[in-house]
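2 protein chains.
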Amino acid sequence: MLFKAGDPFHAIYAIRRGCMKSVVTRKGGAEQVSAFYMVGELLGLDGMGRGRYDSSAVALEDTEVCVLPFSLIAQLAHERPSFQHRLYAVLSREISRNQNVMLLLGTMRAEERLAAFLLSLSSRFARRGHSPFELSLRMTRDDIGSYLGLTLETVSRLFGRFRNAGLLEVDQRIVRIRDYAGLKAVLSPDEALAD
Amino acid sequence: MLFKAGDPFHAIYAIRRGCMKSVVTRKGGAEQVSAFYMVGELLGLDGMGRGRYDSSAVALEDTEVCVLPFSLIAQLAHERPSFQHRLYAVLSREISRNQNVMLLLGTMRAEERLAAFLLSLSSRFARRGHSPFELSLRMTRDDIGSYLGLTLETVSRLFGRFRNAGLLEVDQRIVRIRDYAGLKAVLSPDEALAD
DNA sequence: CGAGATATTGACTAGGCTCAATTGAAGTGG
DNA sequence: CCACTTCAATTGAGCCTAGTCAATATCTCG
Numbered sequence: 000m001l002f003k004a005g006d007p008f009h010a011i012y013a014i015r016r017g018c019m020k021s022v023v024t025r026k027g028g029a030e031q032v033s034a035f036y037m038v039g040e041l042l043g044l045d046g047m048g049r050g051r052y053d054s055s056a057v058a059l060e061d062t063e064v065c066v067l068p069f070s071l072i073a074q075l076a077h078e079r080p081s082f083q084h085r086l087y088a089v090l091s092r093e094i095s096r097n098q099n100v101m102l103l104l105g106t107m108r109a110e111e112r113l114a115a116f117l118l119s120l121s122s123r124f125a126r127r128g129h130s131p132f133e134l135s136l137r138m139t140r141d142d143i144g145s146y147l148g149l150t151l152e153t154v155s156r157l158f159g160r161f162r163n164a165g166l167l168e169v170d171q172r173i174v175r176i177r178d179y180a181g182l183k184a185v186l187s188p189d190e191a192l193a194d
Numbered sequence: 000m001l002f003k004a005g006d007p008f009h010a011i012y013a014i015r016r017g018c019m020k021s022v023v024t025r026k027g028g029a030e031q032v033s034a035f036y037m038v039g040e041l042l043g044l045d046g047m048g049r050g051r052y053d054s055s056a057v058a059l060e061d062t063e064v065c066v067l068p069f070s071l072i073a074q075l076a077h078e079r080p081s082f083q084h085r086l087y088a089v090l091s092r093e094i095s096r097n098q099n100v101m102l103l104l105g106t107m108r109a110e111e112r113l114a115a116f117l118l119s120l121s122s123r124f125a126r127r128g129h130s131p132f133e134l135s136l137r138m139t140r141d142d143i144g145s146y147l148g149l150t151l152e153t154v155s156r157l158f159g160r161f162r163n164a165g166l167l168e169v170d171q172r173i174v175r176i177r178d179y180a181g182l183k184a185v186l187s188p189d190e191a192l193a194d
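Chain order of the listed sequences is H and Z. Residue numbering for the first sequence follows numbering that gives the first Met the number 0, beginning at 0 and increasing consecutively. Residue numbering for the second sequence follows numbering that gives the first Met the number 0, beginning at 0 and increasing consecutively.
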């Protein structure tokens, strides 16, 4: 665990190697995975508002991060307007990303959610130079379910259903996309999740 | 409509009078209300990332906004570090707020969602000097349902159920909270939504 | 007053959850 | 190296919550 909800905020982190998840907890105890982070992505942005992180960051495998102290960031932003703009953009894009997840949780059915999730992963893999068709998941079915607002059983069943439909090859946490177009078509008429 | 998803971004807006909603749309056409904004709150923050708004802002009644051109904001932030920090805080808090909504959509049952929504509204009303027990909703049942990931029929039924349970008095869009503690208790053991 | 939008209520259905059993994978220690 | 434990994943059966479809009621406003 890199930081816990409630910890005082003084840095954001960039993933250098590995993979992490971000978890938010309800007062009642229920918790939900709010994001997965891969190499090159930033986490901890939610801490700047109140000076405390309100999610916890947990590594899903051996992971190295780059610590970016907030004081340093603020200074850099002050000195270099272009850096300042980048920072705004990063924060704003995190808002957009979350809005997409809200859309997923609020309007999609289970199959659509998993398809959107896999397609999103696929494009992120591709952006990092990996094959967009061979996904190596680092998280459990439970994590995926939590992120998608489903139970782990439903996620497992959906993998089975997609496999039977010829869309995927599933071998534990290795998922191969065999019919990319077909997977996209699961998203109702014909759409894809940007990020 | 103040701005539409896709419009080029050049300003954020502060509500001076009235009430607005923010709507995101899926490529497939399905749409969802992603936030409601009251007096004093900021909207349009999601546009900074890509230079285009990715949600639409729609007024729910006669509304006046204060236009805050981004160029001006960036300049002020550069000149006054305290302003810069406030801006980060605002952006970050929007992220936190969205995470709470994701928690709501991902983990709560219908009753819990509506209770959380009403309690959140209640505290926002209180912060603006209104009674926390007399909520004047400006949005339709459909808007509420969309925001909470429910159908308008379910929202209507829940209002009825809460009324019968003595928690609320419901008169169209005027909702009076008659049993604040009871409403809080709907949130499983005993919790409340911060914002 | 009438038209259109909004809200309520009912009956039925279905998608995803719960509970439960089983299998499989991975790590531990003798 | 293999039994043993533990954790993760799969699969099944039955149920329940919220969605769908449909009929009315109520409000708002020209």
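Ideal placement from N, C-alpha and C gives every residue a C-beta, glycine not left out.
Boundaries of the alpha helix (DSSP H) around residue 184(H): 179-185. Residue 6(H) and residue 94(Z) do not touch by the CB rule: their CB atoms are close to 16 Å apart, not below 8 Å. At least 8 Å separates the beta-carbon of residue 31(H) from that of residue 122(H). For residue 23(Z), the uninterrupted beta strand (DSSP E) run begins and ends at 19-24, by DSSP. Looking at the backbone, the Cα of residue 154(H) and that of residue 29(Z) are separated by about 23 Å.
Under DSSP, residue 10(H) shares a beta bridge with 68(H). Across the structure, residue 114(Z) and residue 184(Z) are spaced so that their CA atoms are roughly 9 Å apart.
The three-state secondary structure of residue 63(Z), taken from DSSP, is strand. By the Cβ-count criterion, residue 163(H) is exposed, with fewer than 16 other Cβ atoms from all chains shown falling within 10 Å of its own Cβ. The CB of residue 106(Z) comes closer than 7 Å to the CB of 25, 29 and 31 in chain H, given here in chain order.
Residue state for residue 31(H) is assigned as strand, using DSSP reduced to three classes. Around the CB of residue 173(Z), fewer than 16 other CB atoms lie within 10 Å, so the residue is classed as exposed. For residue 123(Z), there are no neighbours in chain H by C-beta distance under 9 Å, as the nearest C-beta there is about 16 Å away.
Spatial neighbours of residue 43(Z) in its own chain (CB-CB distance under 6 Å, excluding positions within 5 residues in sequence) are listed in chain order as 11 and 12. At least one CB atom of chain H sits nearer than 8 Å to the CB of residue 95(Z).
Interface annotation for the segment 48-60 of chain Z against chain H: 48, 49, 50, 53 and 54, criterion Cβ-Cβ distance under 9 Å. Counting only Cβ-Cβ distances below 8 Å, residue 80(H) has contacts in chain Z at 73 and 77, in chain order.
In terms of beta-carbon proximity, residue 45(H) lines the interface with chain Z, with at least one pair separated by less than 8 Å.
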